[in-house]
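Colleague: The numbering used here runs 1 ahead of the 1-based position in the sequence shown.
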Amino acid sequence: MTNVKTENTTETIKWVGGTDGHLDLIDQTLLPNALKRLACHDIETVWEAIKMLRVRGAPAIGIAAAYGVVVGLQQAADDDADAFWRTFDESADYLATSRPTAVNLFWALDRLRALAGTLRNGDVAQAHSALLAEAQKIHAQDREMCHAIGRYGADLLQDGQGVLTHCNAGGLATAEYGTALSVFFTAQDQGKNLHVFVDETRPLLQGARLTAWELMQRKIKSTLICDSMAAQVMREKKVQAVVTGADRIAANGDSANKIGTYSVAVLAKAHGIPFYIAAPSSTFDLSIESGEEIPIELRNAEEITNGFGKQTAPTGVEVYNPAFDVTPAQFIEAIITERGVIKSVTKANVLAMIGSSTDAV
Ligand code: MRU
2 MTNVKTENTT ETIKWVGGTD GHLDLIDQTL LPNALKRLAC HDIETVWEAI
52 KMLRVRGAPA IGIAAAYGVV VGLQQAADDD ADAFWRTFDE SADYLATSRP
102 TAVNLFWALD RLRALAGTLR NGDVAQAHSA LLAEAQKIHA QDREMCHAIG
152 RYGADLLQDG QGVLTHCNAG GLATAEYGTA LSVFFTAQDQ GKNLHVFVDE
202 TRPLLQGARL TAWELMQRKI KSTLICDSMA AQVMREKKVQ AVVTGADRIA
252 ANGDSANKIG TYSVAVLAKA HGIPFYIAAP SSTFDLSIES GEEIPIELRN
302 AEEITNGFGK QTAPTGVEVY NPAFDVTPAQ FIEAIITERG VIKSVTKANV
352 LAMIGSSTDA V
């Protein structure tokens with residue numbers, strides 16, 4: 002795109018330096034008009050970046066939060082172990098309040114907490130280094146998981162197919178390559194030509210702003226549609242599969258994803274089109290039985306009434322703005338994970354694939 006101001010890198014998340022370094026992110030709120038990075042030198046900036054969707058997408062939120070703890074620890078003196086571990090606990094608890102739905106956030110913080118539990122009696126500077134190394138491991142493992150998801154998912158698609166996706170589950174939402182988009186990117190790498198229909202994804206337009214941008218960068222044929230056009234596109238037989246990401250998957254396979262995903266899944270079922278979820282094991286929450294227990298984030302009315310700075314509804318109108326919905330397992334043809342494909346989405350099959358451990362590969 003010609004109007005994009007680039008800064009030579011499209012790495013979504015980077016850690017710069019050692020334990021005294023900083024977190025460096027693409028500010029996704031500025032895309033597609035500007036590709037700019039945000040340097041996070043304090044934990045409040047990391048929290049705000051997650052809250053305001055400068056960094057977004059379940060795996061990317063988890064990675065950013067892990068690095069955010071390392072940034073938070075810079076405020077604690079290295080020679081006072083009590084203060085260091087108090088700051089650790091406060092940092093992890095604080096970042097956990099940024100967004101409620103994507104379980105990857107809590108999964109990443111819990112990984113750091115588990116490691117911290119083994120380090121509390123040791124040297125504080127070494128603990129800080131070990132926590133940074135764990136954040137970097139979470140980051141690297143996400144990259145591997147995305148590529149593995151792509152390999153399993155690409156086998157489900159055929160050359161020449163039309164596919165539809167909702168929101169952005171691409172490289173911007175993960176360490177690299179994405180989950181749903183990894184399936185398309187890998188299919189393309191295998192020489193399959195796909196035509197991707199991109200739901201714009203009201204109200205914050207992650208599909209229009211981010212997915213369309215990523216697909217155009219990869220030169221994958223793509224067509225942007227308003228969310229309300231998906232049914233017509235399916236009736237016209239333009240799509241043969243739907244692939245989306247997820248923010249939290251319950252033990253029975255019910256999957257939370259960006260608001261509007263549920264309606265796409267119902268439409269796909271009505272048209273006999275397979276609806277796939279692509280997600281890493283870190284997105285599964287086996288502590289909950291069903292989607293009923295998934296907390297759904299409610300966001301500000303202004304996202305609907307004053308989207309992108311323009312008022313489009315009467316002042317004072319009542320608004321309901323859930324950021325996610327839950328697609329019941331019965332609408333999901335299969336869940337594509339880095340460990341393989343869960344065909345026939347049942348609790349038994351989820352447990353067989355993901356087991357009790359949701360640690361990364
Ligand atoms: O509110 P967002 O933009 O963070 O929502 C993101 C999604 O719903 C994604 O589809 C999901 O996190 C999967 S990202 C691989």
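Even glycine gets a Cβ: it sits at the ideal position worked out from N, Cα and C.
With DSSP as the reference, label alanine 93 as helix, strand or coil.
Modeller: In the structure shown, alanine 93 sits in a helix (DSSP, three-state: H, G or I).
Colleague: Could you check which residue in Ala40, Arg219, Arg55, Gln191 has the C-alpha nearest to that of valine 197?
Modeller: Among Ala40, Arg219, Arg55, Gln191, the Cα nearest to that of valine 197 is on Arg219.
Colleague: Quick one, which of Asn253, Glu215, Ala269 has its alpha-carbon nearest valine 234's?
Modeller: Valine 234 has its Cα closest to that of Ala269, out of Asn253, Glu215, Ala269.
Colleague: With a threshold of 6 Å on Cβ separation, who are the neighbours of serine 256 within its own chain once the five nearest residues in sequence on each side are excluded?
Modeller: The residues are Ala247, Ile250, Ile278, Thr328.
Colleague: Using 8 Å as the Cβ pair cut-off and three pairs as the minimum, do the region 64-84 and the region 200-209 touch?
Modeller: No, because fewer than three Cβ pairs between the region 64-84 and the region 200-209 fall closer than 8 Å, the two stretches do not touch.
Colleague: Which of the three DSSP states, helix, strand or coil, is assigned to methionine 2?
Modeller: Residue confidence is low: methionine 2 scores 38 on pLDDT, short of 50, so the model does not pin down where it sits. Its coordinate-derived value is still stated next. Three-state DSSP puts methionine 2 in coil, outside helix and strand.
Colleague: Taking the C-alpha atoms as reference points, what is the distance between leucine 205 and tryptophan 48?
Modeller: Taking the straight line joining both Cα atoms gives about 19 Å.
Colleague: Considering only residues of the same chain and omitting the five flanking positions on each side of glutamate 201, which have a CB-CB separation below 8 Å?
Modeller: Gly208, Ala209, Leu225, Ile226, Cys227, Asp228.
Colleague: Is the Cβ-Cβ distance between arginine 55 and glutamine 29 less than 8 Å?
Modeller: Yes, the pair counts as a contact, with Cβ atoms nearer than the cut-off.
Colleague: For glycine 179, is the beta carbon positioned less than 7 Å from some heavy atom of the ligand MRU?
Modeller: Indeed, a heavy atom of the ligand MRU lies less than 7 Å from the Cβ.
Colleague: What residue does the beta strand (DSSP E) around valine 56 start on, and which one ends it?
Modeller: Looking at the DSSP string, valine 56 is not in any beta strand (DSSP E), and its letter there is neither H nor E.
Colleague: As a quick exercise: from Phe89, Val71, Gly118, Ala324, pick the residue whose alpha carbon is nearest that of cysteine 41.
Modeller: Nearest C-alpha to cysteine 41: Val71.
Colleague: Look at the Cβ atom of asparagine 301, then the Cβ atom of asparagine 322, and state whether they are nearer than 8 Å.
Modeller: Yes. Within cutoff.
Colleague: What span of residues does the beta strand (DSSP E) with arginine 365 cover, start to end?
Modeller: Outside the displayed span of the chain (2 to 362) sits residue 365, for which this structure offers no information.
Colleague: Does the distance between the C-beta of threonine 30 and the nearest non-hydrogen atom of the ligand MRU fall short of 7 Å?
Modeller: Threonine 30 Cβ: outside cutoff for every heavy atom of the ligand MRU.
Colleague: Could you give the DSSP three-state label for serine 256: helix, strand or coil?
Modeller: Correct three-state label for serine 256: strand.
Colleague: If you draw a straight line from the C-alpha of lysine 348 to the C-alpha of asparagine 253, how long is it?
Modeller: The straight-line gap from Cα to Cα measures roughly 4 Å.
Colleague: Do you know offhand how far isoleucine 44's Cα is from serine 92's?
Modeller: Rounded to whole angstroms, isoleucine 44 to serine 92 spans 8 Å at the Cα level.
Colleague: Suppose you measure from the CA of glutamate 334 to the CA of glycine 273; what does that come to, to the nearest Å?
Modeller: Those two C-alpha atoms are separated by around 10 Å.
Colleague: Which residues bound the alpha helix (DSSP H) around lysine 220?
Modeller: Per DSSP, lysine 220 belongs to no alpha helix (DSSP H) and is neither H nor E.
Colleague: For leucine 39, which of helix, strand or coil comes out of DSSP?
Modeller: Reduced to three states, the DSSP call for leucine 39 is strand.
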